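Asks:
Residue numbers (our numbering), protein chains in the order written: chain A, 1 to 271; chain B, 272 to 368.
(1) Per the contact definition of three or more C-beta pairs closer than 8 angstroms, is the segment 329–336 of chain B in contact with the segment 303–321 of chain B?
(2) With 8 angstroms as the threshold, decide whether the Cβ of residue 7 of chain A is near any Cβ in chain B.
(3) Got a sec: is the Cβ-Cβ distance from residue 165 of chain A to anything in chain B below 8 angstroms?
(4) Taking CB distances under 8 angstroms as the criterion, tell me whether residue 269 of chain A reaches chain B.
(5) I'd like to know if residue 341 of chain B contacts chain A, where contact means its C-beta is closer than 8 angstroms to some C-beta of that chain.
(6) What is the DSSP secondary structure of residue 270 of chain A, reduced to helix, strand or coil?
(7) Residues of the segment 284–313 of chain B in Cβ contact with chain A at a cutoff of 8 angstroms, in chain order, please.
(8) The alpha helix (DSSP H) spanning residue 125 of chain A covers which residue range?
(9) Would residue 363 of chain B count as contacting chain A if we go by Cβ distances under 8 angstroms?
(10) Considering only their Cβ atoms, is the gap separating residue 341 of chain B from residue 313 of chain A smaller than 8 angstroms?
(11) Evaluate residue 320 of chain B with the Cβ neighbour count: other Cβ atoms within 10 Å of its Cβ, from every protein chain shown; 16 or more gives buried, anything less gives exposed.
(12) Name, in chain order, the residues that DSSP records as bridge partners for residue 196 of chain A.
(13) Taking three-plus beta-carbon pairs below 8 angstroms as touching, is the segment 274–294 of chain B in contact with the segment 101–115 of chain A?
(14) Quick check on residue 277 of chain B - is its C-beta less than 8 angstroms from some C-beta in chain A?
(15) Using a Cβ-Cβ cutoff of 8 angstroms, what residues of the segment 34–57 of chain A are near chain B? List them in chain order.
(16) Using beta carbons (cut-off 8 angstroms, strictly below), is residue 83 of chain A in contact with chain B?
(17) Quick check: residue 179 of chain A and residue 188 of chain A, are their CB atoms within less than 8 angstroms of each other?
(18) For a test of the three-state rule: what should DSSP assign to residue 40 of chain A, helix, strand or coil?
(19) Leaving aside the five residues before and after residue 129 of chain A along the sequence, list all residues of the same chain whose C-beta is less than 7 angstroms from its C-beta, in chain order.
(20) Decide if residue 184 of chain A is buried, meaning its Cβ has at least 16 other Cβ atoms within 10 Å, or exposed.
(21) Comparing the C-beta of residue 338 of chain A with each C-beta of chain B, is any distance below 8 angstroms?
(22) For the segment 136–219 of chain A, list the alpha helix (DSSP H) runs that are entirely contained and at least 4 residues long, ordered along the chain.
(23) Between the alpha carbons of residue 313 of chain B and residue 276 of chain B, how many angstroms are there, rounded?
(24) In whole angstroms, what separates the C-alpha of residue 272 of chain B from that of residue 290 of chain B?
(25) Between residue 274 of chain B and chain A, is any beta-carbon pair separated by less than 8 angstroms?
(26) For residue 96 of chain A, which residues in the same chain have their Cβ closer than 7 angstroms to its Cβ, ignoring the five residues on either side in sequence?
(27) Once you ignore the five residues that flank residue 191 of chain A on each side, which residues in its own chain have a CB closer than 7 angstroms to its CB?
(28) Quick check: is the beta carbon of residue 280 of chain B nearer than 8 angstroms to any beta carbon in chain A?
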């Protein structure tokens, strides 16, 4: 029963990896597959591999995937353009053929009675694995340690980047800013802060310029690219309703949006 | 016990198709991991079938090698991304530039 539930979950999640648009979703579906596999290992009398699967695969390898994804940019979506024409269709046909050959072939094999691991696991699964690992497989085990050291060194070499130019200090950056100002008239000071309003105060709402338009540079570029920037006038849309609920007469109030009506009075107007 | 091996074959096939169809290098890598996991399932299933622990040892070694492979593979993907600003496997068609 456990097997059938987990098998369904695993196959659905694995198919989800194929069709997920975003890499993060694929990673989470892979986590589902790996945790289900760990449970299957427990069912198959392999408690040591159950723990290793959870710790190494789900804990370490998948987290490594997620870290790299965060470094690279989470929403780097797949391109749908085919470089080789018809490659996707061919791959699916090939996969179906391969899968059906495997499944049909395997379903015709009789594996005989299951011996089970009661006898082999008699002294405890971890102890028995340690016995075999450190006697029969000891050279493979030592080679594995060399492999892991090589992998760690290789990752360090690959990820390291030599600094070819000196790091710009504060003085150089200030001089560069002044040069930009002299060349192109780029604003010298810091960027404007996002809008602070009576009913909304967050980095996703741009500040308003004196003419009522939004100041593009006051919100983060990332938010703009993601399309989650809010419009300050739109936040004031329901202000008439709010006033009516409060018992105020909305007709006596000036236009709250600040874009369509007359500009709000300033000190100079009063004078 | 055949069920486990058939499930392992299905997962392996899905991973195989994923490697062939997906463009994102990280997702291709995840599909390779899926294939390795499918093999591990077959190893563990056959260990129980035959009543000795060699299959579990083999699965353990596969996990260790997979860990090393993921470390190097992701470092290579990072390096390619740093120079090309892309992780599409199509863009890395020239090894040098």
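Beta carbons are placed, not taken as given, at the ideal position from N, Cα and C, and that holds for glycine. As the structure is a computational prediction, the values presented were derived from the model and not from experiment.
Replies: Let me spell this out:
(1) Yes, they touch.
(2) Closer than 8 angstroms to some Cβ of chain B, the Cβ of residue 7 of chain A qualifies, so yes.
(3) The C-beta of residue 165 of chain A comes no closer than 8 angstroms to any C-beta of chain B.
(4) Caution applies to residue 269 of chain A, whose pLDDT of 43 falls short of 50 and renders its modelled position unreliable; the model cannot decide the point.
(5) By this cut-off, residue 341 of chain B is an interface position.
(6) With a pLDDT of only 42 at residue 270 of chain A, under 50, the local geometry of the prediction cannot be trusted, and no value is derived from it.
(7) Here the close residues are 284, 285, 286, 287, 288, 289, 291, 292, 293, 294, 295, 297, 298, 300, 301, 302, 304, 305, 308, 311 and 312.
(8) DSSP places residue 125 of chain A in the uninterrupted alpha helix (DSSP H) bounded by 125–133.
(9) No - not a single Cβ of chain A is within 8 angstroms of the one on residue 363 of chain B.
(10) The shown model of chain A, from 1 to 271, leaves out residue 313 of chain A, and the question about it has no answer.
(11) Buried: at least 16 other Cβ atoms inside 10 Å.
(12) Per DSSP, the beta bridge partners of residue 196 of chain A are A:201.
(13) Judged by Cβ distances under 8 angstroms, the segment 274–294 of chain B makes contact with the segment 101–115 of chain A, as three or more pairs qualify.
(14) So yes, residue 277 of chain B belongs to the interface.
(15) Residues of the segment 34–57 of chain A whose Cβ lies closer than 8 angstroms to any Cβ of chain B, in chain order: 34, 37, 40, 41, 44, 45, 46, 48, 49, 52, 53, 56 and 57.
(16) At least one beta carbon of chain B lies nearer than 8 angstroms to the beta carbon of residue 83 of chain A.
(17) One thing to note: residue 179 of chain A has its Cβ no nearer than 8 angstroms to the Cβ of residue 188 of chain A.
(18) Looking at residue 40 of chain A - three-state DSSP - the assignment turns out to be helix.
(19) Sequence-distant partners of residue 129 of chain A (beyond 5 residues in either direction) whose C-beta falls short of 7 angstroms from its own C-beta, in its chain, are 48.
(20) Burial is judged here by how many other beta carbons sit within 10 angstroms of a residue's own beta carbon; residue 184 of chain A has fewer than 16 and is exposed.
(21) Because chain A here runs from 1 to 271, residue 338 of chain A falls outside it and cannot be looked at.
(22) Entirely contained in the segment 136–219 of chain A, the alpha helix (DSSP H) runs reaching 4 residues are, in chain order, 138–159 and 170–184.
(23) In this structure, the CA atom of residue 313 of chain B is about 5 angstroms from the CA atom of residue 276 of chain B.
(24) In a straight line, the C-alpha of residue 272 of chain B is about 28 angstroms away from that of residue 290 of chain B.
(25) With 8 angstroms as the cut-off, residue 274 of chain B counts as an interface residue toward chain A.
(26) Contacts found: none.
(27) Within the same chain, residue 191 of chain A has close Cβ partners 217 and 218.
(28) Chain A, which has a Cβ nearer than 8 angstroms to the Cβ of residue 280 of chain B, makes this yes.
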